[in-house]
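This report concerns only the one structure given below.
Numbering (the numbering used here), first residue to last: -6 to 250.
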């Protein structure tokens, strides 16, 4: 799906390097956690992956196409992307169904009337997350957790090859976060999307994720399986604090010792 080769990124007009020598391959159907502390470069790395910014050095290959000479607008149609920046662009008066269907055109709001088949597709997705009774409600009337689920559906409506969620649980209370994670698990199971979920909370590494890429100061700190990360006590090294990571059932939890 996505291959980064020795990717680095400098801030334009300065000597500051915010990503350095990143190598990462995301295969078909793989589910990754992109983990890192605040300011580690996670969002900038996503912007490189999605083609909103170009690397200063290195190579990005998306679906077999080099980032040089490719039509990034067409490539982006194969990437479902949920970010807080996108959410803020939507009018509070936009309906739930129109918000979801806008993902078909990668637009903010609808610029044409959707077909009956498109409406059925959007309605079916909305039903999957239990919001069928809110389909014509406005997104301004939804809770933050419900909004995040609607915008996740917007990212999924085009049946993308890869779904990228940039800290989708940020700002949600614990119940809303768990509800969102349950909806994500339900939507992903049975589908073959590759998945990248960005977080800096261990508790969000749910069982559907078995791979993790950890960024620290713009560099790869660890890349491998979640089980290896857990067994090697990587998080203690990352945070430079004595952190106990433990399992309860099939979930991970963290505790400062």
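Where is the CB? At the ideal position from N, CA and C, for every residue including glycine.
Values in this document were obtained by computation on a predicted structure and should not be read as measured data.
DSSP three-state assignment for residue i, whether helix, strand or coil
i	result
residue 101	coil
residue 176	helix
residue 52	strand
residue 30	coil
residue 4	coil
residue 40	helix
residue 11	strand
residue 120	helix
residue 316	Only positions -6 to 250 of the chain appear in the structure, and residue 316 is not among them; the question remains open.
residue 64	coil
residue 234	coil
residue 82	coil
Given residue i as reference, the closest of the options once Cα atoms are compared
i	options	result
residue 288	214, 247 and 132	The question about residue 288 has no answer, for the chain in this structure spans -6 to 250.
residue 242	199, 56 and 107	199
residue 27	229, 209 and 179	209
residue 31	104, 173, -4 and 194	194
residue 43	80, 125, -5 and 83	-5
residue -3	110, 212, 236 and 249	212
residue 13	51, 64 and 24	51
residue 45	19, 106, 127 and 65	65
residue 135	118, 109, 92 and 202	92
residue 49	55, 61 and 57	61
Residues sharing a beta bridge with residue i, DSSP
i	result
residue 73	156
residue 18	-4
residue 246	239
residue 188	24 and 156
residue 58	55
residue 88	131
Cβ shell of residue i (< 6 Å), same chain only, five flanking positions each side left out
i	result
residue 122	142 and 176
residue 90	115 and 128
residue 220	none
residue 248	237
Chain-order list of residues whose beta-carbon lies under 8 Å from that of residue i (same chain, five-residue window excluded)
i	result
residue 159	35, 36, 39, 74, 75, 76, 77 and 191
residue 140	80 and 132
residue 155	-6, -5, 19, 71, 72, 73, 186, 187, 188 and 189
Closer than 8 Å to chain C by CB, residue i
i	result
residue 82	This model lacks chain C altogether; it includes just one protein chain.
Cβ neighbours of residue i in the same chain (closer than 7 Å, five flanking residues each side left out)
i	result
residue 169	136, 137 and 138
task = Please go through the stretch 129 to 185 and give each complete alpha helix (DSSP H) segment of 4 or more residues, from N-terminal end onward.
result = If we require 4 residues or more, the alpha helix (DSSP H) runs fully inside the stretch 129 to 185 come out as 137 to 149 and 167 to 181.
Length at least 4, wholly inside the stretch 192 to 228: the alpha helix (DSSP H) runs in chain order: As for any alpha helix (DSSP H) of minimum length 4 sitting wholly inside the stretch 192 to 228, the runs are 219 to 224, ordered along the chain.
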